[in-house]
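**Q** Here it is, the structure, as structure tokens.
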Amino acid sequence: MSLKFGFIANFPKEFFLGAKGFMNMGYDLFYGFGIAFQPMNLLACFLGVLIGTLVGVLPGIGPAGAMSLLLPVTFGLSPVSAIIMLAGIFYGAMYGGSTTSILVNIPGEAASVVTCIDGYQMALQGRAGPALGIAAFGSFIAGTFGVVGLMFLATPLAELAVKFGPAEYFSLVCLGLSVLIYLTQGSIPHGLAMAGLGVFLSLIGQDVIEGTARFTFGLTGLIDGVGLIPLVMGLFGISEILLNLEKLGERIILRTKIKNLFPSREDWRKSAKPIARGTFLGFFLGILPGGGAVISSFVSYALEKKFSKHPEQFGKGAIEGVAGPESANNSASSGSFIPLFSLGIPANVVMALLLGALMLHGLRPGPLMLTQHPEIFWGTVASMYVGNAMLLALNLPLIGIWVQILKIPYRMLFPLILLFCLIGSYSIGTNVFDIYVMLVFGVLGYFLRKLKYEPAPLVLAFVLGPLLEKSLREALIISDGSMRVFLTRPLSAASLFVALVLLLSAILPSLQKRRKTVISE
């Protein structure tokens, strides 16, 4: 098949351009499949979804941790192959996470937490097969339609974003951080603190305008700033090892024969609307910064319970409680690519890692990428169609293998993860200082998570920090130091207004609650 389509990728880009200089979507997708079916890209897609499924099956690693471990490996790949593989890990983990939720009652991935509620109950009732089947088919349907939405929305948004100036970008980043803090799990002050720390860490190194060193504390290793890969490997890899060392108990795996993986007609009747609602809901929540797969799965479950004629069945093995959330988290993974490719703004920590991967390969996501590097966008889009089909094939016939993998003890996994972290951090710049940075953030991440501080806002703010600062300073230079530039431009003013409303609506209830507590005491 690669020979059949491979010649398309060798055509000049101009062949696919329309009369007005923008690509026709049909030719674009055809061009993308030509890239996706090249042997190396096809292999990268397969490895990505396979690793992603494995990461989803094994509790305690997560797609962000796996991607941070494998980022150094992508240096030997072309940019297209690297992004195809990393993207496959992300949406592959969404598929794999349902397996442990249903069979072990332990979510392999945070987005599959809700699946435990009814999925495990179905397994206890001897219906593990239909639960796994509807999760896989729902994920496939939602993932495919999510990619269709990505195709239709990314291009017009990128065309609009070309007209953005520094003021608009500054306001959009502020809006993104506000949405992230508003939707963050746990305490709002904790989210604010993590975002503030992330922005501060992004300031370490060279000034984005003047090029002078700052906040290096006399350490030459910090002149180029804190590295994204050591930071992420520490926060997600090392800290995960330390956290899981505290709970080395053996996992209890459900001993039941898995049969009838194809859902019955009655199962499909109950699941059709939840899959449709989950697909639509997840896609649009995935676009929002901080929304993503986790939020969409929880909202989908609550929505299905509200719409159900028998809400009392939820929590007792309702198949709708599996179909809706699993569709939502897979559709959200597709939606989160839109702000990355169209605006250059990551919607979640995984997209921040993809942004970092593109920048390491000398590329900058944003509105110009779709026209200057269409092979990246359309190759990734086409590979997601291929990857979703691969995942359907991997997740149904290989259930038995995934169950056996669950029996691997943590004490065997953690030394391998630690080794990957050490090699990955050192291989980026062959600098021992990066290993020290990784270890520091590993210990920091461990204590932050013990204290209920989520590291995701820190990483997102760290990635967005340079764009935030550069846009702010460029806008002030253009306006001769006047802050009115942010209020006189309609999109900028609207974004800042929404950001302020979100922050106030997040902070005021917690302040009011604290005030009531003080008064009652």
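Numbering (our numbering), first residue to last: 145 to 665.
Each residue gets a CB set at the ideal place from its N, CA and C atoms; glycine is no exception.
1. What residues match up with residue 269 in a beta bridge as DSSP calls it?
2. So, does the region 585 to 603 touch the region 492 to 511, judging by three or more C-beta pairs under 8 Å?
3. Can you grab the Cα-Cα spacing for the pair residue 583 / residue 592, in whole Å?
4. Using DSSP with H/G/I as helix, E/B as strand and the rest coil, what is residue 628?
5. Within this structure, are the beta carbons of residue 312 and residue 635 separated by less than 7 Å?
6. Within 10 angstroms of the Cβ of residue 410, are there 16 or more other Cβ atoms? Answer buried if so, exposed if not.
7. Suppose you measure from the CA of residue 520 to the CA of residue 227; what does that come to, to the nearest Å?
8. Between the Cα of residue 652 and those of 296, 425 and 326, spot the shortest distance and give me the residue it belongs to.
9. Can you look up residue 137 in the DSSP assignment and give me helix, strand or coil?
10. Looking at the secondary structure, which residues open and close the alpha helix (DSSP H) in which residue 172 lies?
11. Have a look at 595, 364, 368 and 341 and flag the residue whose alpha-carbon is nearest the alpha-carbon of residue 349.
12. In the DSSP assignment, what are the bridge partners of residue 350?
13. Just to confirm the assignment: which complete alpha helix (DSSP H) runs, minimum length 4, are found wholly within the region 201 to 225?
14. What three-state label does DSSP hand residue 452 in the structure shown?
15. In the DSSP assignment, find the unbroken alpha helix (DSSP H) run with residue 515 in it and report its ends.
16. Cα separation between residue 502 and residue 218?
17. Starting from the C-beta of residue 666, find all residues in its chain whose C-beta is less than 8 Å away, skip the five residues before and the five after it, and write them out in chain order.
18. Kindly list the residues whose CB is nearer than 7 Å to the CB of residue 566, restricted to its own chain and excluding five residues on each side of it in sequence; keep chain order.
19. For the putative contact between residue 536 and residue 357, defined by C-beta atoms under 8 Å, what is the C-beta separation to the nearest angstrom?
20. Output the boundary residues of the alpha helix (DSSP H) element that contains residue 618.
21. So, helix, strand or coil for residue 408, using DSSP?
22. Suppose contacts are defined by Cβ-Cβ distances below 7 Å. Is residue 223 in contact with residue 507 by that definition?
23. In the DSSP assignment, find the alpha helix (DSSP H) that holds residue 582 and state where it starts and stops.
24. Of the residues 299, 294, 264 and 384, which one's Cα is nearest the Cα of residue 560?
25. Measure from the alpha carbon of residue 443 to the alpha carbon of each residue in 264, 428, 456 and 453, then state which is nearest.
26. Does the separation of the CB atoms of residue 462 and residue 262 fall below 7 Å?
27. By the DSSP assignment, the alpha helix (DSSP H) with residue 467 in it spans what residues?
28. Using DSSP with H/G/I as helix, E/B as strand and the rest coil, what is residue 443?
29. Between the alpha carbons of residue 570 and residue 576, how many angstroms are there, rounded?
30. For residue 458, which three-state DSSP category applies?
31. On the CB-based measure, 16 or more other CB atoms within 10 Å of its CB, does residue 201 come out buried or exposed?
**A** Based on what the coordinates show:
1. As a first step, residue 269 must be located in the sequence shown, where it is residue number 125. In DSSP, residue 269 forms no bridge with anything.
2. Yes, they touch.
3. In the sequence shown, counting from the first residue as 1, residue 583 sits at position 439. In the sequence shown, counting from the first residue as 1, residue 592 sits at position 448. Looking at the two C-alpha atoms, the distance is approximately 14 Å.
4. Reading the sequence shown from its first residue, position 484 is the one you call residue 628. Residue 628 falls in the coil class under three-state DSSP.
5. Position 168 of the sequence shown, counting from 1, holds the residue named residue 312. Position 491 of the sequence shown, counting from 1, holds the residue named residue 635. Closer than 7 Å, so yes.
6. In the sequence shown, residue 410 corresponds to position 266, counting from 1. Exposed, since its Cβ has fewer than 16 Cβ neighbours within 10 Å.
7. As a first step, residue 520 is located in the sequence shown; it is residue number 376 there, counting from the start. As a first step, residue 227 is located in the sequence shown; it is residue number 83 there, counting from the start. Counting only the Cα atoms, residue 227 lies some 8 Å from residue 520.
8. Reading the sequence shown from its first residue, position 508 is the one you call residue 652. Comparing alpha carbon positions, the residue from 296, 425 and 326 closest to residue 652 is 326.
9. The structure shown does not extend to residue 137, since the chain spans only 145 to 665, so no value can be given for it.
10. By 1-based counting over the sequence shown, the position of residue 172 is 28. That run of the alpha helix (DSSP H) goes 169 to 180.
11. Within the sequence shown, the letter at position 205 stands for residue 349. When C-alpha distances from residue 349 are compared across 595, 364, 368 and 341, the shortest belongs to 368.
12. Here residue 350 corresponds to residue number 206 of the sequence shown, with the count starting at 1. 357.
13. If only complete runs of 4 or more residues are kept, the region 201 to 225 shows the alpha helix (DSSP H) at 206 to 214, in order along the chain.
14. Within the sequence shown, residue 452 is the residue found at index 308, counting from 1. Note: residue 452 maps to coil in three-state DSSP.
15. Residue mapping note: residue 515 aligns to position 371 of the sequence shown, counting from 1. Looking at the DSSP string, the run of the alpha helix (DSSP H) that includes residue 515 is 513 to 516.
16. Numbered from its first residue, the sequence shown carries residue 502 at position 358. Numbered from its first residue, the sequence shown carries residue 218 at position 74. Put simply, the backbone Cα of residue 502 is about 10 Å away from that of residue 218.
17. For the chain, the structure presents residues 145 to 665; residue 666 sits outside this window and is missing.
18. Mapped onto the sequence shown, residue 566 falls at position 422. Correct list, in chain order: 579.
19. Translated into positions along the sequence shown, residue 536 becomes position 392. Translated into positions along the sequence shown, residue 357 becomes position 213. Taking the Cβ atoms as the reference, residue 536 lies roughly 51 Å from residue 357, outside the contact range of under 8 Å.
20. Within the sequence shown, the letter at position 474 stands for residue 618. Per DSSP, residue 618 belongs to the alpha helix (DSSP H) from 600 to 622.
21. The count along the sequence shown starts at 1 and reaches residue 408 at position 264. Of the three classes helix, strand and coil, the one that applies to residue 408 here is coil, per DSSP.
22. Sequence index remark: in the sequence shown, residue 223 carries index 79 (1-based). Sequence index remark: in the sequence shown, residue 507 carries index 363 (1-based). The Cβ atoms of residue 223 and residue 507 sit closer than 7 Å to each other.
23. On the sequence shown, position 438 is the one that residue 582 refers to. Run containing residue 582: 576 to 594, per the alpha helix (DSSP H) assignment.
24. Translated into positions along the sequence shown, residue 560 becomes position 416. Residue 560 has its Cα closest to that of 384, out of 299, 294, 264 and 384.
25. Counted from its first residue, the sequence shown places residue 443 at position 299. Just measuring C-alpha positions, the residue of 264, 428, 456 and 453 sitting nearest residue 443 is 428.
26. As a working mapping, residue 462 is identified with position 318 in the sequence shown. As a working mapping, residue 262 is identified with position 118 in the sequence shown. Contact: yes.
27. Here residue 467 refers to the residue found at position 323 when the sequence shown is read from its first residue. Unbroken alpha helix (DSSP H) run through residue 467: 464 to 479.
28. Looking up residue 443 in the sequence shown gives position 299. Helix, per DSSP.
29. If you number the sequence shown from 1, residue 570 lands on position 426. If you number the sequence shown from 1, residue 576 lands on position 432. Put simply, the backbone Cα of residue 570 is about 6 Å away from that of residue 576.
30. Start at 1 with the first residue of the sequence shown, and residue 458 comes out as number 314. Note: residue 458 maps to coil in three-state DSSP.
31. Counted from its first residue, the sequence shown places residue 201 at position 57. So residue 201 counts as buried.
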